[in-house]
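J.:
Chains as they are written, first to last, in this note's numbering: chain P, 67 to 495; chain A, 188 to 572.
(1) Is residue 411 of chain A buried or exposed, if buried means 16 or more other CB atoms sit within 10 Å of its CB?
(2) Cβ closer than 8 Å: which chain P residues qualify as neighbours of residue 293 of chain A?
(3) Which whole runs of the beta strand (DSSP E) in the region 421-453 of chain A are 3 residues long or more, in chain order?
(4) Going along chain A, which residues have a C-beta under 9 Å from residue 154 of chain P?
(5) Anything in chain P within Cβ reach of residue 330 of chain A, meaning under 7 Å, just list it in chain order.
(6) Assuming residue 349 of chain P contacts residue 432 of chain P (C-beta within less than 8 Å), just tell me the rounded distance between them.
(7) Tell me the rounded alpha-carbon separation between residue 410 of chain P and residue 318 of chain A.
(8) If contacts are defined as beta-carbon pairs under 8 Å, then residue 425 of chain A and residue 441 of chain A qualify, I think. What distance do you get, rounded to the angstrom?
(9) Between residue 273 of chain P and residue 314 of chain P, what straight-line distance do the alpha-carbon atoms span, to the nearest angstrom?
(10) According to DSSP, is residue 354 of chain P helix, strand or coil?
(11) In chain C, which residues lie with their C-beta within 7 Å of the C-beta of residue 158 of chain P?
(12) Quick one: which unbroken beta strand (DSSP E) runs of 3-plus residues sit fully inside the region 490-544 of chain A? Chain order, please.
(13) Going along the chain, which unbroken runs of the beta strand (DSSP E) with 3 or more residues stay wholly within the region 204-234 of chain P?
(14) Residues in the same chain with beta-carbon distance under 8 Å from residue 329 of chain P, minus the five sequence neighbours each way, listed in chain order, please.
(15) Do the CB positions of residue 450 of chain A and residue 369 of chain A come within less than 8 Å of each other?
(16) Could you list which residues in chain P have their beta carbon closer than 7 Å to that of residue 548 of chain A, in chain order?
(17) Report the option in A:339, A:469, A:466, A:480 whose CA atom is closest to the CA atom of residue 460 of chain A.
(18) Please return the same chain residues whose Cβ sits closer than 8 Å to the Cβ of residue 228 of chain A, not counting the five positions on each side in sequence.
(19) Ignore the nearest five residues each way along the sequence and tell me which others in residue 506 of chain A's own chain have a CB closer than 8 Å to its CB.
(20) I'd like the ranges of any alpha helix (DSSP H) spanning at least 4 consecutive residues and lying wholly in the region 105-167 of chain P.
(21) Go to residue 600 of chain A, then tell me how far its beta strand (DSSP E) extends in each direction, as first and last residue.
(22) The beta strand (DSSP E) with residue 372 of chain P in it runs from where to where?
(23) Identify each residue in the region 260-282 of chain A for which the Cβ-Cβ distance to at least one residue of chain P is less than 8 Å, and report them in chain order.
(24) Could you give the uninterrupted runs of the alpha helix (DSSP H) lying entirely in the region 356-433 of chain P, keeping only those of 4 residues or more?
(25) Leaving aside the five residues before and after residue 235 of chain P along the sequence, list all residues of the same chain whose C-beta is less than 7 Å from its C-beta, in chain order.
(26) Using 8 Å as the limit for Cβ to Cβ distance, is residue 200 of chain P near chain A?
(27) Helix or strand or just coil, what does DSSP make of residue 397 of chain A?
(28) In the DSSP assignment, the alpha helix (DSSP H) including residue 485 of chain P goes from what residue to what residue?
(29) Name, going along the chain, the residues of the region 113-124 of chain P whose beta-carbon falls closer than 8 Å to a beta-carbon of chain A.
(30) Chain A partners of residue 195 of chain P, CB-CB under 9 Å?
(31) Start and end of the alpha helix (DSSP H) containing residue 325 of chain P?
(32) When the distance is taken between beta carbons, is residue 108 of chain P closer than 8 Å to residue 190 of chain P?
(33) Exposed or buried, what is residue 483 of chain P when buried is set at 16 or more other beta-carbons lying within 10 Å of its beta-carbon?
(34) Answer yes or no: does any C-beta atom of chain P fall closer than 8 Å to that of residue 298 of chain A?
(35) Kindly indicate which three-state DSSP category residue 209 of chain A falls into: helix, strand or coil?
(36) Look at the alpha carbon of residue 236 of chain A and the alpha carbon of residue 346 of chain A, and state the distance between them as a whole number of angstroms.
As structure tokens, then:
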């Protein structure tokens, strides 16, 4: 564990967090030098991303959602959002989109202070979120570069059908890959793709081990506040690369050590060993006040033992692994299986299973104003889960990166009442 | 019926949230009814199986939301809460199934809620292709074949090529008649008043297609002889209202504020195809091809073309309109994310516009009326530059 200074405050960080920070720094440096180094840049989305394919063409990915959440954590998103609203974007719509557009209008400066290069290709992986489609239509008007879409059908009936898989494979073969070949100026290197997919599967094995470790008491990880760091490399620019494998090996060793020594996860204020409540979380976190948000929970001795947000880029613990022997089919299955591409009954089933498997005391829904893909239907999910599991759920509202929609006092009040209720219920048993 | 009687009949259908027409139709035909959410579903297929397609566009401003608000946060649009209200209060019990077309994440998730709440009914999320090439065509065709198999089981009836072609023929005729209605309104907006056109279109959500076509034709034949004064109104196009609908009072208010509405995108599913679907040996394929190639431009369809939004400017010119009114439901992702792109096109083409948001139960009409009235005055004073 390391002690580092953030905004003048001493905070505790796990080794893996420090390693990840280094990886991200190097990635943005590569991006800053991409044009000089003759590398092509691909803008694409996190859920259902085709990272291995992008690297098979030796191109570099940029994820606009990640830029937005990093802007949120760096307290810049409020200005960016207002910039977009000034130019005609509605207050009602996704703040990731507005943050990205505002950031672009203000020079597209990334977290390392360097300009993020303009895209050579917009790769629209349209998975689990309608807004993605409009987002890239908007970007298409700003950047004069090719755009190619991969539509991933929604699991409306809670299952993946052959028709869905075939549709994705055909799009990959007939449209996505030819456009990537054209933009990169090279043919698809199938051997390289296979190598990348093999590497992905190994990293996925280690990540699954880490998720499952939360079944221990005390839980050695926080699968939500810590989990968003754990998914960083695999959901974004690193899956398929050796450094990604290194990261997850390192993370696993770190967690193994904590399991062996019955240690809890590291919070910004030290280890959370005295765990009073085990909670499952549905929905993304708030990024603008991330640390304040987290503190509300670790101050109460709450550890998050599973979360759905950490599955937006893949539900590996349900058995999926990238399969190098069937590259296109495996990418199709990956895209189809992401959390927000599952229908509501499947999402309820999954959370119910988490509550049982991780022996949770309850569950929390953080309902995000910006994100209809997650949020529409969550009040019904709350009731269904309470009926099914007999566990009480808490419901709070915030936003991804719009600081106007985060009220720490309201959330704190509500959560304190919720934990008092769980404590009272425990005492009465 | 005279014009007033036709419009009264349509208004009664509009206000009848208990769907008595549907119940009577089912009893008379000993058949089933399939509901669908906006914007578009291939009604021809439902019809071919002898079932009644029923458009569900929310509860409007007549429905008191008692339980629906408990299902949705305040920042979700109004339509799904009124649809849930209709469902849990039993008003949609006469529907044997509901189709949820891919339009946005809210309607998509509503399909899952429907599965959980009304698990005994047929529920289908219709994922349309956003890829309009061969891969999308084959996917959609497989989806339609699957839906047809479902309908075969639901209706207990097999459908022939001729059955499907007959339904295609009837809906083609219906769309052509709607086109006549829209052309007449554009040509003589003082005769075919917008609130009447709107009610006639809403009737198309409920009435069996031949009945609806007959009603439209009656209206078209009669309204041209009405003695109605031509007002000094400007000509506008209304866009953004393709899903959750404005209340009827707002439709009336727009017209009364000095705007003749010469085209719009509400109840768009009833005129989604821009030309006839051909009758053929493969009618399902014809429906699919028509979806891919011959449909209107709207926010729920992916469009990365260089001329995105030009359809609106073209419509302004072809309808001889003087401006555009962006009327979008609050929290409507498709309409509100689309709006800046369309506004850029209009600005570039020097076409004036104004924009407001509404909900299906909006009661504060006066503010909007003043806004569109001011817009009309400004165009009258300075004209479209």
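Note that CB positions come from ideal geometry on N, CA and C, so glycine has one too.
T.: A quick look at the data gives this:
(1) As a first step, residue 411 of chain A is located in the second chain; it is residue number 224 there, counting from the start. When all chains shown are included, residue 411 of chain A counts as exposed.
(2) What you label residue 293 of chain A is simply residue 106 of the second chain in a count that begins at 1. What residue 293 of chain A touches in chain P: 438, 442.
(3) 421-426, 446-450
(4) Within the first chain, numbered from 1, the residue matching residue 154 of chain P stands at position 88. 526, 527, 530, 531, 542, listed in chain order.
(5) Residue numbering aside, residue 330 of chain A sits at position 143 when the second chain is read from its first letter. Those are 229, listed as they occur along chain P.
(6) As a first step, residue 349 of chain P is located in the first chain; it is residue number 283 there, counting from the start. As a first step, residue 432 of chain P is located in the first chain; it is residue number 366 there, counting from the start. Yes, residue 349 of chain P and residue 432 of chain P are in contact; Cβ-Cβ is about 4 Å, under 8 Å.
(7) The sequence position of residue 410 of chain P within the first chain is 344, counting from 1. The sequence position of residue 318 of chain A within the second chain is 131, counting from 1. Taking the straight line joining both Cα atoms gives about 25 Å.
(8) Taking the first residue of the second chain as 1, we reach residue 425 of chain A at position 238. Taking the first residue of the second chain as 1, we reach residue 441 of chain A at position 254. Confirmed, Cβ separation roughly 7 Å.
(9) Residue mapping note: residue 273 of chain P aligns to position 207 of the first chain, counting from 1. Residue mapping note: residue 314 of chain P aligns to position 248 of the first chain, counting from 1. If you take the alpha carbons of residue 273 of chain P and residue 314 of chain P, they lie about 6 Å apart.
(10) Position 288 of the first chain, counted from the first residue, corresponds to residue 354 of chain P. Correct three-state label for residue 354 of chain P: coil.
(11) Protein chains in the displayed structure are P and A, and chain C is not among them.
(12) 510-516
(13) 213-217
(14) Residue numbering aside, residue 329 of chain P sits at position 263 when the first chain is read from its first letter. The residues are 284, 286, 323, 337, 339.
(15) The residue labelled residue 450 of chain A in the question sits at position 263 within the second chain. The residue labelled residue 369 of chain A in the question sits at position 182 within the second chain. The answer is yes: Cβ separation under 8 Å.
(16) Mapped onto the second chain, residue 548 of chain A falls at position 361. The premise fails here: residue 548 of chain A is roughly 17 Å from chain P at the closest Cβ pair, so nothing lies under 7 Å.
(17) Your numbering for residue 460 of chain A matches position 273 in the second chain. Minimum Cα distance to residue 460 of chain A is reached at A:480.
(18) Counting from 1 along the second chain, the entry for residue 228 of chain A is found at position 41. Same-chain partners within the cutoff: 240, 286, 288, 313, 456.
(19) Taking the first residue of the second chain as position 1, residue 506 of chain A is located at position 319. Excluding residues within five positions, the ones whose Cβ falls inside 8 Å are 373, 422, 424, 449, 450.
(20) 117-122, 130-139, 143-152
(21) Any property of residue 600 of chain A remains undetermined from this structure, which presents chain A solely from 188 to 572.
(22) Working through the first chain from its first residue, we reach residue 372 of chain P at position 306. It spans 368-373 - the beta strand (DSSP E) in which residue 372 of chain P sits, taken as one unbroken run.
(23) Going along the region 260-282 of chain A in chain order, one finds 260, 262, 263, 267 with a Cβ nearer than 8 Å to chain P.
(24) Listed in chain order, the complete alpha helix (DSSP H) runs (minimum 4 residues) inside the region 356-433 of chain P are 356-364, 393-403, 410-423.
(25) Reading the first chain from its first residue, position 169 is the one you call residue 235 of chain P. Same-chain partners within the cutoff: 394, 395, 398.
(26) The residue given as residue 200 of chain P occupies position 134 in the first chain. Output row for residue 200 of chain P: interface = yes.
(27) Mapped onto the second chain, residue 397 of chain A falls at position 210. Helix at residue 397 of chain A.
(28) Residue 485 of chain P sits at position 419 when you count from the first residue of the first chain. Residue 485 of chain P -> alpha helix (DSSP H) spans 474-494.
(29) none
(30) Taking the first chain and counting its residues from 1, one reaches residue 195 of chain P at position 129. Correct list: 292.
(31) One-based indexing of the first chain puts residue 325 of chain P at position 259. Per DSSP, residue 325 of chain P is one residue of the alpha helix (DSSP H) stretching across 308-326.
(32) Your numbering for residue 190 of chain P matches position 124 in the first chain. Your numbering for residue 108 of chain P matches position 42 in the first chain. Taking 8 Å as the Cβ cut-off, residue 190 of chain P and residue 108 of chain P do not qualify as a contacting pair.
(33) As a first step, residue 483 of chain P is located in the first chain; it is residue number 417 there, counting from the start. With fewer than 16 Cβ atoms within 10 Å of its Cβ, residue 483 of chain P is classed as exposed.
(34) On the second chain, residue 298 of chain A is found 111 positions in, with the first residue counted as 1. Yes, contact with chain P.
(35) In the second chain, counting from the first residue as 1, residue 209 of chain A sits at position 22. Reduced to three states, the DSSP call for residue 209 of chain A is helix.
(36) Translated into positions along the second chain, residue 236 of chain A becomes position 49. Translated into positions along the second chain, residue 346 of chain A becomes position 159. If I take the Cα positions, the gap works out to 6 Å.
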